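**Q** 1 is the number of the first residue of the sequence shown in full-length UniProt numbering; add one for each residue after it. Built from N, CA and C at the ideal position, the CB exists for glycine as well. For clarity, every value in this text was computed on a predicted model and none was experimentally measured. Structure below; questions to follow.
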Amino acid sequence: MIYHSGDGKCSGDGQKSPAVISLQSVPSELHSRFELGCGQPPMVCAKYPYMDQCYGVFSTYGPPVSGRVMLPLNIASEDGPIYVNAKQYNGILRRRQSRAKAVLENKLTKARKPYMHYSRHLHAMRRPRGCGGRFLNTKTGKDEKETKKYVEGKDLHTTGSQNSEVLQSDSGTLNSSKEAIGGGLTLSGSEVTSMYSREELEHNFPINHLGLSFHSFPVMMENGSGSVMPNRWVAPADHSFITVSGNSLNTDREILLNLKSFLENQNRVNRGRYSGWNRWTSNPCEWHGIMCSPDMERVTGINLSDSKISGEMFNNFSALTQLHHLDFSRNTLKGLIPDDLNRCHNLVYLNLSHNILGGELKLTGLTRLEKLDLSTNRFHGEVKFSFPAICNRLVVANLSMNNFIGRIDTFFDGCLNLMYLDLSSNKFTGNIWTGFSRLVEFSVSENRVSGLIPASSFSDSCNLKGLDLSVNMFHGKVPREISNCKKLVMLNLWGNKFSGPIPSELGSISTLEGLLLGNNEFSRVIPESLLYLNNLAVLDLSYNNFGGRLQEIFGRFRQLKSLVLQGNSYIDGLSSSGIHKLTNISRLDLSYNNFSGHLPAEFSEMVGLKFLILAYNQFTGPIPPQYGDLSQLQALDLSFNLLIWSIPPSIGNLRSLLWLMLANNSLTGEIPGELGNCSSLLWLNLANNQLSGRFPPELANIGRNPTLTFESNRRSNAMIAGPSDCLVTKRLLTMDYSPFGFIYTILTRKICKNVWDQLLQGYGFFQVCVKGSPVRKYRVSGYLQLSGNQLTGEVPSDIGKMQHFSVLHLSYNQFNGELPVEIGNLPLVVLNISWNKFSGQIPREIGNLNCLQNLDLSHNNFSGIFPSNLNCLNELSKFNISFNPQIAGQIPNIGQLATFEEESYLGNPLLHSRLFKLQDPTVPPLNSGKQALPGEEESEDGFWWKALLMEYGCGMAFGMVMLCICVVKVQPKWVVNNVEGLHQLKAVRPWKKNGSRGGGRII
């Protein structure tokens, strides 16, 4: 197919913009022979009555083009190619677009005929044509002369007009002219080739990338020579056809418009900014996400990352012959990477990360690639299909978070320019690649790589700045030669089976900032040399089974900003360790140990502390009120200890506090109203204590303005994160029936870090409902957990102010009175107020909580008519209204509420349903305070009838078996007589029937 490479206008010197010949459906071994990268020879302007036209050796079509142009081969007739002029061709294109649109809209009702009548087609083929392909009118003298010339064939190669006609014959005659040069035929400016045999393309008509094998049209005219064409036109055996396209910005524009149509067809509703292409400007260099060359003549890059694109990948990127940059990351592309992408030989940057692409990775054609990011997809198989084939110029390769398998110890030896390699979160096995020390960063974390780390891996020329071998199956000692990596900034060996002493040679790596050695089997001795690492900011020695008292050396790491010692079975108190003297520290995690005694009040001297995690220990006594002086504190986790007394009101001074976790202690007293001053507090968990009193109205003010804290976190530098951070994230965010429950199923270290960073910076990662808007938005949403206490009184109407909360747990308390209607103003996902004493009608406003997924109103004293608008909660997945005996009404037969079982409505004798018959069991006491465990045994009343049913069933089955044996084996006489009687009856009936038909005579 021939594409126009310009706007149809010529400059004064008759020059035209460069053009290129490209191919579609051409064998890969011939592809480079048909790509003209150095420009087209000059083109010639010919006079045309309507407008100036430009043409060269290979005429171009598209608006505007003169001459006779062959139609695309998919509509060619059996007799040969069909030729039309420019006006007809443009009309055909318009009609094709209209028909394609009609097909998409199901408006095409009848088949289209190729032409009105075959005789008219033959007549049009016989009529002579003049300049521009126009039919000649023989009634005028001028056209009569042109007709005569046409018939005699005298001006085919002298006038340069575009009136030549291509014909096929066995003798190879192409034109009516008999003139030939060198045994071939002279090609005029209007003749267009369409089909060639593969051998003739390769030998008789060579086209290479640098040197053109044909002359420009003016030179041909001056020298009387032209391109010698083969004397046979043959379709190749594989029926592939050559497509010739102009190498210009216009042709790139058409390809981009095809890409736009392709994306819009797959994304009918939620479209990205690509839908604005060609709307305000026709210049693709001004379109969103499009990059062009410095001279603005070619499209060189496409960046449609995070553009809400779904479906499969576009299959014609190779038509953009100058494409260097391609970024479709953070979309939902699926399926396989098309083979067409392998033909993008100029591609330097490819980013398809954060999609759902799958299949085996085969990118052997991208030999110029420098940066490759395929992370967070579903690719599988081994990497040997692409490596080392694409290693020639590769600098960055990110294959993390896929399903790759196999070994990695040999495929990257040829990647001599490689500097950054991330293979984390896959299923690689075998030994480690020993050449990683020449890289700058190398990560193979969260795989199944095993064996020893060879000392020879750390050569004297080690360039590593980041080494992550975490969560694998390495064992043995850490080589001392690791100290050869003098530029090392982060070393992560977490989650392996390393043993022996921590190498003291690590103290000679002065650039080290992060040292993560947790979840191994290192000895308890901490090298003194580590104290001299002045840049060390993060030290993680968690889960090494150190035991005993906390080592005093930790109180001397004054340079640390984060110290993680969780899961080490430490005992006794903290005061003697001197750990409170770490004034620069911002994160201290001592959870999952056996520390005892009182909480050290000296922690208040750590003025830079932001995260204090002391959960799952055996601390006793009260919460020190001095903790209210930690003005920068963002997370205080004291849950699962033995703390007593009341919550100190001074906690209300913590304006930056995001998390307050005091669950599962023995705290008493009332909830201090001063907590309402914690304007950033979004996650409050006071469950399973002995708190009493009312729900303070001031508590509804928590989390009203966390913006200042989020902005402060955005300005600060992110801290090095390790696998231990995931444990904290899961504990602080995940709770029963909360929107954070999905974290357990998809959590990897990278996802965990991203979730944690997003929350700290105030970026939501799931959509919540917004009051007054039908559109859901990504917002950070918190929870309030007060279940398992002894709180009383009514819930204040001020609870409607808590617009940043999506989870509300008030179960297992003694709240009474009516549930405030303002609760319908919250963007709730979970509402659990079970096992209380709420009364009155269920607020109909709950039916407005469109995002609600879990609603538990069971074991209360609600009354009145069952609100039917609860059936409009289409996302409801858990629903329980059981044991509210004064609720009356009809349970809907269809809709969301009809999908729940009988257990959701038990204990409500006034409720009726056509789907099942509600029983009326005894209502259990409301203040039991305990929830039945799933493993508890059933009562005797619930067991005896099951045993009786099983006994009857077994007896019936046994009786039927014995009866069958009796009949088959013994054959009693009464059975035999009855069977014989039946046979005789069947034999007599036909004779009687035939006798009645024959008038009583046997026929």
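Determine the closest residue to R704 out of E297, N754, E360 and S656, with distance taken between C-alpha atoms.
**A** Answer by Cα proximity: S656.
**Q** Give the range of the alpha helix (DSSP H) segment to which V103 is assigned.
**A** Its alpha helix (DSSP H) spans residues A86 to L104.
**Q** Identify which residue in S310, L733 and D413 has its Cα closest to the Cα of T434.
**A** If we check each option's Cα against that of T434, D413 comes out closest.
**Q** Can you look up A635 in the DSSP assignment and give me helix, strand or coil?
**A** Reduced to three states, the DSSP call for A635 is strand.
**Q** Would you call P41 buried or exposed, if buried means 16 or more other Cβ atoms sit within 10 Å of its Cβ?
**A** Caution is warranted here: a pLDDT of 35 is assigned to P41, below 50, making its placement in the model unreliable, and no coordinate value can be reported.
**Q** Would L784 pass as a contact of F815 if the rule is Cβ separation under 8 angstroms?
**A** Cβ atoms of L784 and F815: not closer than 8 angstroms.
**Q** Let me check one thing: in DSSP terms, what residues is K384 bridge-paired to?
**A** None; K384 has no bridge partner.
**Q** So within the stretch 515-594, which uninterrupted beta strand (DSSP E) runs reach at least 3 residues, ignoring any that extend past its ends?
**A** For the stretch 515-594, whole beta strand (DSSP E) runs of length 3 or above, ordered along the chain, are 538-540, 562-564 and 587-589.
**Q** Got a sec, what are the start and stop residues for the beta strand (DSSP E) N355 sits in?
**A** Premise fails: N355 is in no beta strand (DSSP E) and is neither H nor E.
**Q** Measuring only the C-alpha atoms, how far is H325 from S604?
**A** Their Cα atoms are separated by approximately 53 angstroms.
**Q** Can you tell me which of the three DSSP states W683 falls into?
**A** Three-state result, W683: strand.
**Q** Rounded C-beta distance between L699 and L675? I'm assuming under 8 angstroms.
**A** The Cβ separation is near 6 angstroms, so the contact holds.
**Q** Determine the contact status of F611 and S586, defining contact as a CB-CB distance below 8 angstroms.
**A** A contact, by the Cβ cut-off of 8 angstroms.
**Q** Please tell me whether, using a cut-off of 7 angstroms, the distance from the CB of F442 to the nearest non-hydrogen atom of the ligand ADP is below it.
**A** Within the structure as shown, the ligand ADP is missing, as the structure has no ligands at all.
**Q** What residue does the beta strand (DSSP E) around Q803 start on, and which one ends it?
**A** Run containing Q803: none; DSSP gives neither H nor E here.
**Q** If you draw a straight line from the alpha carbon of L515 to that of M490, how long is it in whole angstroms?
**A** Distance between the alpha carbons of L515 and M490: 6 angstroms.
**Q** Determine whether the beta carbon atoms of L363 and V383 lie at a separation below 8 angstroms.
**A** No, the pair does not count as a contact, with Cβ atoms beyond the cut-off.
**Q** CA-CA distance, V471 and Q761?
**A** Each residue's alpha carbon lies about 27 angstroms from the other.
**Q** What does a CB cutoff of less than 6 angstroms around N874 pick up in its chain, not counting 5 residues either side in sequence?
**A** Answer for N874: Q896, listed in chain order.
**Q** Over what stretch of residues does the alpha helix (DSSP H) that includes F710 continue unbroken?
**A** Its alpha helix (DSSP H) spans residues T707 to R715.
**Q** Taking C-alpha atoms, which residue in L418, S863, S310 and I894 lies nearest to L911?
**A** Comparing Cα-Cα distances from L911 to each of L418, S863, S310 and I894, the minimum goes to S863.
**Q** Check the C-beta distance from L394 over to E370 and give it rounded, since I have them as a contact under 8 angstroms.
**A** With 8 angstroms as the limit, L394 and E370 qualify as a contact, their Cβ atoms being about 6 angstroms apart.
**Q** From G621 to G597, what distance separates their C-alpha atoms?
**A** Their backbone Cα atoms lie some 8 angstroms apart in a straight line.
**Q** Could you tell me whether the stretch 268-276 touches the stretch 245-255, where touching means 3 or more Cβ pairs closer than 8 angstroms?
**A** Touching, no, given that fewer than three Cβ pairs across the two stretches are closer than 8 angstroms.
**Q** Can you name the residues that DSSP bridges to R378?
**A** Answer is G358.
**Q** Could you check the C-alpha separation between T709 and I255 for me, to the nearest Å?
**A** One C-alpha to the other measures close to 47 angstroms.
**Q** Would you tell me roughly how many angstroms separate the C-alpha atoms of H859 and Y778, rounded to the nearest one?
**A** The alpha-carbon atoms of H859 and Y778 are separated by roughly 34 angstroms.
**Q** To the nearest angstrom, how far is the alpha carbon of R127 from that of S98?
**A** Distance between the alpha carbons of R127 and S98 is about 30 angstroms.
**Q** With C-beta atoms as the reference, is S591 less than 8 angstroms away from L550?
**A** Cβ distance not < 8 angstroms, so S591 and L550 don't count as in contact.
**Q** Between which two residues does the alpha helix (DSSP H) carrying S261 extend?
**A** That run of the alpha helix (DSSP H) goes L249 to Q266.
**Q** Following the continuous beta strand (DSSP E) through N398, name the residue where it begins and the one where it ends.
**A** Where N398 is concerned, the enclosing beta strand (DSSP E) stretches over V396 to N398.
**Q** In angstroms with no decimal places, state the Cα-to-Cα distance between L733 and L560.
**A** The straight-line gap from Cα to Cα measures roughly 26 angstroms.
**Q** Should N869 go down as buried or exposed, given a rule of 16 or more other Cβ atoms within 10 Å for buried?
**A** Classification of N869: exposed, given that the 10 Å Cβ count is below 16.
**Q** Of the residues E711, S839, E552 and L876, which one's Cα is nearest the Cα of residue 1049?
**A** The requested residue 1049 does not occur in the structure, where the chain is confined to residues 1 to 1003.
**Q** To the nearest whole angstrom, what separates the beta carbons of G430 and V449, a pair I think is in contact under 8 angstroms?
**A** Confirmed, Cβ separation roughly 7 angstroms.
**Q** Jot down the residue ranges of each uninterrupted beta strand (DSSP E) in the stretch 295-366, minimum 3 residues, whole runs only, in chain order.
**A** Entirely contained in the stretch 295-366, the beta strand (DSSP E) runs reaching 3 residues are, in chain order, 299-303, 325-327, 332-335, 349-351 and 356-360.
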